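Report on the structure given below.
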Amino acid sequence: MPPSFPTEYQKIIERLESINPVHYARSRNNIDGAVTHISPYLTHGVVSLPYVRDSVLKKYSVKESYTFIFELAWREFFQRVYTEEQDRIFKDLKSPQTGVRRYGVPKAFVDATTGIIAIDTAYASLYTTGYMHNHARMWQAMLATNVGHYSWWDVSRYMFYYLVDGDKASNTLSWQWVAGTFSSKQYVANQEMINKFSPVRQNNTYLDVDTSLLTVLDPKELEEGVPFTLTTDFELFKSTGTLDMLSGDSYMLYSIWTLDPTWNPVNTPATKVLFIDRDELTMFPVSPARIAFICALSKNIPSIHIVVGTLDELKEWSIGKSVYRKSHPALERWPGVVSSPEYLFPEIAHVPRGFMSYWKKCEAYLYL
Ligand SMILES: Cc1cc2nc3c(=O)[nH]c(=O)nc-3n(C[C@H](O)[C@H](O)[C@H](O)COP(=O)(O)OP(=O)(O)OC[C@H]3O[C@@H](n4cnc5c(N)ncnc54)[C@H](O)[C@@H]3O)c2cc1C
30 MPPSFPTEYQ KIIERLESIN PVHYARSRNN IDGAVTHISP YLTHGVVSLP
80 YVRDSVLKKY SVKESYTFIF ELAWREFFQR VYTEEQDRIF KDLKSPQTGV
130 RRYGVPKAFV DATTGIIAID TAYASLYTTG YMHNHARMWQ AMLATNVGHY
180 SWWDVSRYMF YYLVDGDKAS NTLSWQWVAG TFSSKQYVAN QEMINKFSPV
230 RQNNTYLDVD TSLLTVLDPK ELEEGVPFTL TTDFELFKST GTLDMLSGDS
280 YMLYSIWTLD PTWNPVNTPA TKVLFIDRDE LTMFPVSPAR IAFICALSKN
330 IPSIHIVVGT LDELKEWSIG KSVYRKSHPA LERWPGVVSS PEYLFPEIAH
380 VPRGFMSYWK KCEAYLYL
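First residue of the sequence shown? That's 30 in my numbering, and the numbers climb one at a time after it.
Here it is as structure tokens:
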């Protein structure tokens, strides 16, 4: 069954309540394993990481939930690195990408014709569902960067455009992790490793070689690149007016990253505004399907207005007004009184630049 993503709040909560961390731990690495499909809700801030963890811990022990919490911590790690590094994450973070020969997007991704069935199937499904399994994300990223020698930047934004869970921190930093610019080495997988986790077994492909040879391959299937030309169709947000048309004593400012229907920072009625940052979605374009998903999620927040504008317009409009917003690393320059960030491990003040060092610190608080 292809994954689907309901947008009604009650259905989202039901999805969380059906998570079985034991089945998850056993099979999450398989393309057809029991993954949760909750990333679009975490990305858009409908639910927080601690909320998800606590809903699982109501039914399962920490021991049973260990792998699941470990994976949630990856998301927290990326968000916190983004908070600390800000726009520096959009450039090679730890070391320069090696062996770059191409820019843009492999045409074989656009047409889903790389010749590697697991990857072509994953791209075909991305185009129809907006979702790709974590392992397939790793394989296609290594194929583009370490085998096809493309710079990670355009091709990562290409995938982001289609993802229903496209997240600036998780996507960018995962691509950088695979490409070796935010890790100690490039990630590679040969056909044998792909076959192990994929329902389709394939032999005699260009990836059917020893892993040590993968970065020196230059397969003809990946030679042709196309420029990155995707754009966001802002009209599809069906803006309800401009900022100046809003009225009220106080304002609750929502972003595409903070669509939490339960957030309530003020006790009195406030005007609710979902502000679409034109500059952000110009740099990181999103598909019409993603826009429809965001607009549908915003319907969980009664009487919300949708306004498209620039950050400068937002800042100018906010002067002298009581404006509240949730915390998110993408919103550091937004105006407003900010709610405290919701972390799994708020005790950790400084985030090391490697996930396993971060996780070691987290583990100290896991069983408290
Ligand atoms: C190249 C690449 C790009 C990626 N881009 C995104 C992205 O744009 N948005 C996004 O949310 N995730 C991204 N990921 C991380 C991961 O693939 C997805 O979070 C996961 O596949 C979402 O499906 P799920 O909710 O069924 O995950 P599950 O396996 O069920 O995991 C539950 C939750 O844990 C978190 N999680 C699990 N694995 C990871 C991981 N490796 N890194 C970070 N968080 C994780 C996610 O929030 C996920 O929703 C990317 C990974 C790679 C390798």
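All C-beta atoms in this analysis are idealised placements derived from N, C-alpha and C, irrespective of residue type, glycine included. These figures come from a predicted structure and were not determined experimentally.
Buried versus exposed, by CB contacts within 10 Å (16 or more), residue i
{"i": "M30", "result": "exposed"}
{"i": "N200", "result": "buried"}
{"i": "I348", "result": "exposed"}
{"i": "R55", "result": "exposed"}
{"i": "A151", "result": "buried"}
{"i": "P135", "result": "buried"}
{"i": "R230", "result": "exposed"}
{"i": "H73", "result": "buried"}
{"i": "A325", "result": "exposed"}
{"i": "P69", "result": "buried"}
{"i": "D121", "result": "buried"}
{"i": "D196", "result": "buried"}
{"i": "R362", "result": "exposed"}
{"i": "G16", "result": "Only positions 30 to 397 of the chain appear in this structure, which leaves residue 16 out of reach."}
{"i": "D278", "result": "exposed"}
{"i": "N454", "result": "The question about residue 454 has no answer here: the residues shown for the chain are numbered 30 through 397."}
{"i": "D140", "result": "exposed"}
Boundaries (first-last residue) of the beta strand (DSSP E) holding residue i
{"i": "H52", "result": "Counting along the chain, H52 falls outside any beta strand (DSSP E), though it belongs to the alpha helix (DSSP H) covering P50 to S56."}
{"i": "R354", "result": "S351 to R354"}
{"i": "L282", "result": "S279 to Y283"}
Opening and closing residue of the alpha helix (DSSP H) in which residue i lies
{"i": "F304", "result": "Not the alpha helix (DSSP H): F304 falls in the beta strand (DSSP E), residues T300 to D306."}
{"i": "I335", "result": "Looking at the DSSP string, I335 is not in any alpha helix (DSSP H); the run it does join, the beta strand (DSSP E), is I333 to G338."}
{"i": "T201", "result": "K197 to A208"}
{"i": "H164", "result": "N163 to M171"}
{"i": "M385", "result": "F384 to L395"}
{"i": "D83", "result": "L78 to L86"}
{"i": "A153", "result": "I146 to T158"}
{"i": "N224", "result": "Q220 to F226"}
{"i": "D183", "result": "W181 to Y191"}
{"i": "W286", "result": "No alpha helix (DSSP H) holds W286; DSSP gives it neither H nor E."}
{"i": "Q39", "result": "Y38 to E46"}
{"i": "Y267", "result": "First, the amino acid is wrong: residue 267 is Lys here, not Tyr. Element bounds for K267: n/a, residue is neither H nor E."}
{"i": "A321", "result": "P317 to S327"}
{"i": "S94", "result": "V91 to E114"}
Check whether residue i and residue j have beta carbons under 8 Å apart
{"i": "N59", "j": "F226", "result": "yes"}
{"i": "L395", "j": "P364", "result": "no"}
{"i": "S284", "j": "L360", "result": "yes"}
{"i": "M161", "j": "A218", "result": "no"}
{"i": "I302", "j": "L275", "result": "Before going further, note that residue 302 is Val rather than Ile in the sequence given. Yes, they are a contact pair."}
{"i": "I335", "j": "K249", "result": "no"}
{"i": "L155", "j": "Y187", "result": "no"}
{"i": "W388", "j": "A208", "result": "no"}
{"i": "A165", "j": "F138", "result": "no"}
{"i": "E105", "j": "F374", "result": "yes"}
{"i": "P35", "j": "I41", "result": "yes"}
{"i": "P50", "j": "T96", "result": "yes"}
{"i": "L45", "j": "S94", "result": "no"}
{"i": "L282", "j": "S327", "result": "no"}
{"i": "A198", "j": "V110", "result": "yes"}
{"i": "L78", "j": "E371", "result": "yes"}
Contact belief for residue i with residue j at Cβ below 8 Å, rounded distance in angstroms
{"i": "S369", "j": "S356", "result": "7 Å"}
{"i": "Y216", "j": "W206", "result": "7 Å"}
{"i": "T261", "j": "V184", "result": "In fact, because the Cβ distance is near 18 Å, the residues do not count as touching under 8 Å."}
{"i": "T210", "j": "Q126", "result": "5 Å"}
{"i": "L202", "j": "I118", "result": "6 Å"}
{"i": "Y38", "j": "N293", "result": "About 14 Å separates the two Cβ atoms, so there is no contact after all."}
{"i": "G144", "j": "V193", "result": "Wrong, their Cβ atoms sit about 27 Å apart, outside the cutoff."}
{"i": "Y235", "j": "L246", "result": "6 Å"}
{"i": "Y280", "j": "T258", "result": "That pair is no contact at about 36 Å."}
{"i": "P228", "j": "D61", "result": "5 Å"}
Given residue i as reference, the closest of the options once Cα atoms are compared
{"i": "P358", "options": "Q108, D149 and E376", "result": "Q108"}
{"i": "F304", "options": "I145, R319, S68 and L272", "result": "L272"}
{"i": "N163", "options": "S47, I333, S241 and I67", "result": "I67"}
{"i": "R130", "options": "E221, S180, V91 and N329", "result": "S180"}
{"i": "T291", "options": "V366, Y80 and M222", "result": "Y80"}
{"i": "T297", "options": "D140, Y353 and S327", "result": "Y353"}
{"i": "V255", "options": "P32, G133 and A141", "result": "G133"}
{"i": "I148", "options": "P228, W168, P331 and W286", "result": "W168"}
{"i": "V64", "options": "I48, F257, S77 and V76", "result": "I48"}
{"i": "D308", "options": "L288, V337 and I223", "result": "V337"}
{"i": "M222", "options": "E93, S327, D196 and V238", "result": "V238"}
{"i": "N175", "options": "D116, R319, D140 and L251", "result": "L251"}
{"i": "S212", "options": "E392, R382, E371 and K390", "result": "R382"}
{"i": "Y89", "options": "P317, Q115, Y53 and D61", "result": "Y53"}
{"i": "T311", "options": "F189, A153 and V91", "result": "F189"}
{"i": "I377", "options": "A393, V91 and S124", "result": "A393"}
{"i": "G177", "options": "A153, E253 and N224", "result": "E253"}
8 Å Cβ cutoff, residue i in contact with chain B
{"i": "I348", "result": "Among the chains in the structure shown there is no chain B, since it carries only a single protein chain."}
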